[in-house]
Amino acid sequence: MLFTLLLLVFTSGCWSSKEIEDLSVYVGVGLDLAEETKFEKSINAQGGHYPKNNNFTATVQIVPRIGPKQDSQKSAGASEGQSFLNERLTGDSLFQIFRQFALRRDRPLIGHHLKVIVVSHELSKIYSLEQLLDFILRDNDIRPSSLVLVSHGTALEALSSNEPGEIPAFYLKGVVANAYRSNKILPPVSLAKLDGKMQSGSSFLLQNVLTAEGEHKFSGAGIYKGETKKWVGSLNQIELEGLSWITGDAQAGAVKSYAKPQGHTVTYEIKSTKSKITPKVQGDDIFFHVKIESEGQLMEDWSSPEIPSTDKYIKELEGQFADTIKEQVQQVLNRMQNTYRVEVAGFGEQLRIKYPKVWKKVKKDWDETFSHIPVTYDVKVNIKDAGSSTD
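FYI, in mature numbering (1 follows the signal peptide of the UniProt record, and there is no 0) the residues of the sequence shown are -16 to -1, 1 to 375.
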């Protein structure tokens, strides 16, 4: 009898557990410029408001879409037959907004399965990411592996879909995973990684997502100033490609060029890339050299009649692809050094490693210092094979 009672004590660990059907599991969070919903305006008119400033509007994407509200209240960004619910509230404290959901939902919010956080670039021009994400970074319920993206339009649009059965938060996370297929996708930035970048004081990038007609596309990256943690501009797709060559992240993707003398289309598939940033210090002067090497194969050749893949022809194509890569590198360097005066390619980190004393002197105003530093580079492309051919 005593043994049985002891077993009851030690097997009561799940007494406070809740069924998934009794919870509101949110998988996506979006932050936009403040715009009260019709529901909020109506409730406020009836005296249902509380002391707050309307600094931003938060969208919470909840799955599964269950309960009476799915029939009586249309979800923002969702159409009939959708398996998610987008709830929106406006305020000046994300934590308080989350607690406000307890006043209008019978199922409490739970964030253990949060996949994606989307911040609109317009909002992050006004408020720093440190301010906007402070609660999320502190909350123990939210996993540090959650991804962070920036939207060109509204975050609500990025968390919306017209595709039946599609859950936008899962979709966006899936597209991030396609980095192994294209060097136009930024390596994933998780909450943990973002927190480290913000703590370091260095400028950084977030993957940019565009939305049109209910569909989404990754295109370029948002630039965040290390000093302010605010959005200051963006890199386009070509510039993001150029950055991937500098950082060595270009492990997949395509390089297109136009072969001489016909000007026909030729395309190179990236199989591997090695990149090395070498800093050099002479007195008070700092220099950088970037060495880029890539191996791949010729995947497309529009020559007509088809030009045989001789060693000479392949060498010519290697030179042309290298020139195209150099143009991409130069384009992103110009954007960093002249347009935005930020450094987001890891040059400072290499200087810190090789010349720590020099780095201590320049790190406080590194973005501005980098804008005046000469950067040279060389690119070598090796076409290992021409794929299947009719030669």
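Here a beta-carbon is modelled for each residue, glycine too, at the ideal position from N, C-alpha and C.
Cutting at 8 Å between CB atoms, please list the residues of its own chain near residue i, excluding the five before and the five after it.
i      : result
Glu197 : Asn146
Pro128 : Ser174, Leu175, Ala176 and Asp179
Asn124 : none
Trp343 : Gly332, Leu335 and Arg336
His96  : Val9, Asp125, Ile126 and Arg127
Quick check on DSSP: helix, strand or coil for residue i?
i      : result
Trp215 : strand
Tyr252 : strand
Ile357 : coil
Leu117 : coil
Tyr10  : strand
Ile169 : coil
Thr308 : helix
Thr294 : coil
Ala370 : coil
Thr21  : coil
Asp268 : coil
Phe79  : helix
Gly147 : Before going further, note that residue 147 is Glu rather than Gly in the sequence given. Correct three-state label for Glu147: coil.
Val159 : helix
Val316 : helix
Under 8 Å, do residue i and residue j count as touching if we go by C-beta distance?
i      : j      : result
Gly332 : Lys347 : yes
Leu140 : Gly12  : no
Val359 : Leu219 : no
Ala234 : Ser278 : yes
Lys189 : Ala205 : The residue asked about is misnamed: residue 189 is Leu in this sequence, not Lys. In contact: Leu189 and Ala205 (Cβ atoms closer than 8 Å).
Phe305 : Tyr242 : no
Lys99  : Phe23  : no
Ser259 : Asn167 : no
Leu224 : Glu106 : no
Ile207 : Ala236 : no
Pro172 : Val160 : yes
Thr257 : Gly330 : no
Asn70  : Ser144 : yes
Give every residue of the same chain whose Cβ lies closer than 7 Å to the Cβ of residue i, excluding the five residues on either side of it in the sequence, and list them in chain order.
i      : result
Ile151 : Val11, Val47, Ser67 and Phe68
Lys181 : Phe188
Ala86  : Pro92
Tyr297 : Ile291
Ser56  : Note that Ser56 scores 37 on pLDDT, short of 50, meaning its location in the model is unreliable and no value can be drawn from it.
Arg89  : Ser8
Leu301 : Ala243, Val250, Leu282 and Ile367
Round the Cβ separation of residue i and residue j to the nearest angstrom and send it over; I've been treating them as touching at under 8 Å.
i      : j      : result
Asp351 : Arg325 : 6 Å
Tyr361 : Val313 : 6 Å
His200 : Leu156 : 7 Å
Ser101 : Ile120 : According to the sequence provided, residue 101 is Ile. The question's Ser does not apply to it. Confirmed, Cβ separation roughly 7 Å.
Ala370 : Ser293 : 4 Å
Gln321 : Phe271 : Contact flag wrong, Cβ pair sits at about 13 Å.
Val103 : Leu116 : 6 Å
Once the 5 residues before and after residue i are set aside, which same chain residues still bring their CB inside 6 Å of it?
i      : result
Thr262 : His273
His248 : Trp286 and Ser287
Thr21  : Arg72
Ala142 : Val102, Ser135, Val193 and Thr195
Gly280 : Tyr252, Glu253, Ile254 and Lys255
Between the region 65 to 81 and the region 27 to 43, are three or more C-beta pairs nearer than 8 Å? With the cut-off at 8 Å, the region 65 to 81 and the region 27 to 43 touch.
Are the region 209 to 225 and the region 108 to 117 in contact at 8 Å, needing three or more beta carbon pairs? The region 209 to 225, when compared against the region 108 to 117, does touch it at the 8 Å Cβ threshold.
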